[in-house]
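Undergrad:
In this note's numbering, the protein residues as written are 26 to 288.
#1: Can you give the Cα-Cα distance for residue 150 and residue 243, rounded to whole angstroms?
#2: Rounded to the nearest angstrom, what separates residue 289 and residue 114 at their Cα positions?
#3: In whole angstroms, what separates the C-alpha of residue 138 from that of residue 264?
#4: Could you spell out where the beta strand (DSSP E) holding residue 265 opens and where it closes?
#5: Considering only DSSP beta bridges, list what residue 103 is partnered with.
#6: Taking C-alpha atoms, which residue in 141, 120 and 124 lies nearest to residue 131?
#7: Considering only residues of the same chain and omitting the five flanking positions on each side of residue 43, which have a CB-CB separation below 8 Å?
#8: Drop a sphere of 10 angstroms on the beta-carbon of residue 47, count the other beta-carbons inside from all chains shown, and report buried for 16 or more, exposed for fewer.
#9: Write down the C-beta distance between residue 164 and residue 144 rounded to the nearest angstrom, noting that I regard them as a contact closer than 8 Å.
#10: Would the region 175 to 194 count as touching the region 227 to 246 if we require 3 or more Cβ pairs under 8 Å?
#11: Where in the region 26 to 82 do unbroken runs of the beta strand (DSSP E), each at least 3 residues long, occur, reported from the N-terminal end onward?
#12: Within this structure, are the beta carbons of residue 199 and residue 111 separated by less than 9 Å?
#13: Pair every Cβ in the region 209 to 218 with every Cβ in the region 187 to 194, then say whether three or more of these pairs are closer than 8 Å.
#14: Are the beta-carbon atoms of residue 68 and residue 101 separated by less than 9 Å?
#15: In the DSSP assignment, what residue or residues form a beta bridge with residue 146?
#16: Taking buried to mean at least 16 other C-beta atoms within 10 Å of its own C-beta, is residue 230 buried or exposed?
#17: To the nearest whole angstrom, what separates the beta carbons of residue 142 and residue 176, a pair I think is in contact under 8 Å?
#18: How about residue 122 and residue 148: do their beta carbons lie closer than 9 Å?
#19: By alpha-carbon positions, which one of 92, 287, 219 and 76 ends up nearest to residue 26?
#20: Determine the DSSP secondary structure at residue 235, reduced to helix, strand or coil.
#21: Taking the beta strand (DSSP E) that residue 223 belongs to, which residues open and close that run?
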């Protein structure tokens, strides 16, 4: 599973997106190798830490295995790290282990400040960085200088660091409350939880994620079923829950009603 706007953009670009299974310790390396061998894929998009949508993080052993597979099959790896600033700096990142030889590292302020700040950054080998810079100039012309200067001021004067301390505490408390509330309703939650904003809720067969999403929309509630994040049209029933809303009384009351109605 992966970030659904990325899947849509790859489809728009005419790319053949092939899903790689995600395990509790990161990408399923055996699945990655098999699909790279069969397809001749050139790129591997991944989010190592606080994965969207499953919430898990890669282990050091899996990280090295991914890099070995990338080397064997000559894959360029694009590593997205949107929660970098609220996660431990010591957590394993492919870009750090690889020293940017075949990894492009992408970060953003959209998750930690506000979604309206469409400001990010990347780190890559010099030649790739130069080519990507030229591509950005051609396709985007310019980004918001106002946003960039505002973020720079927040970082330079220490406001961003103080904000991150509060955000970590709020996210941790919200995660604990959401896990407790959802497990009380009988739902399984994929573990270990990586520390971002998302939980991956495993659903029973009679609560198909897509049907559940349609019913939720009628009640004015937005949920994200597994099908939104998959290249398969028939993934195992599951849904992503944002920890900010996982313990919301309105959401829980609706979910309880669904459990009773569908059981």
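Backbone N, C-alpha and C define an ideal beta-carbon position, used for all residues, glycine too. From a predicted model like this one, the values you see are computed outputs, not experimental measurements.
TA: Let's see:
#1: 48 Å
#2: Outside the displayed span of the chain (26 to 288) sits residue 289, for which this structure offers no information.
#3: 25 Å
#4: 263 to 267
#5: 70 and 129
#6: 120
#7: 60, 64, 66 and 256
#8: buried
#9: About 16 Å separates the two Cβ atoms, so there is no contact after all.
#10: no
#11: 68 to 71
#12: no
#13: no
#14: yes
#15: 132
#16: exposed
#17: 7 Å
#18: no
#19: 76
#20: helix
#21: 223 to 227
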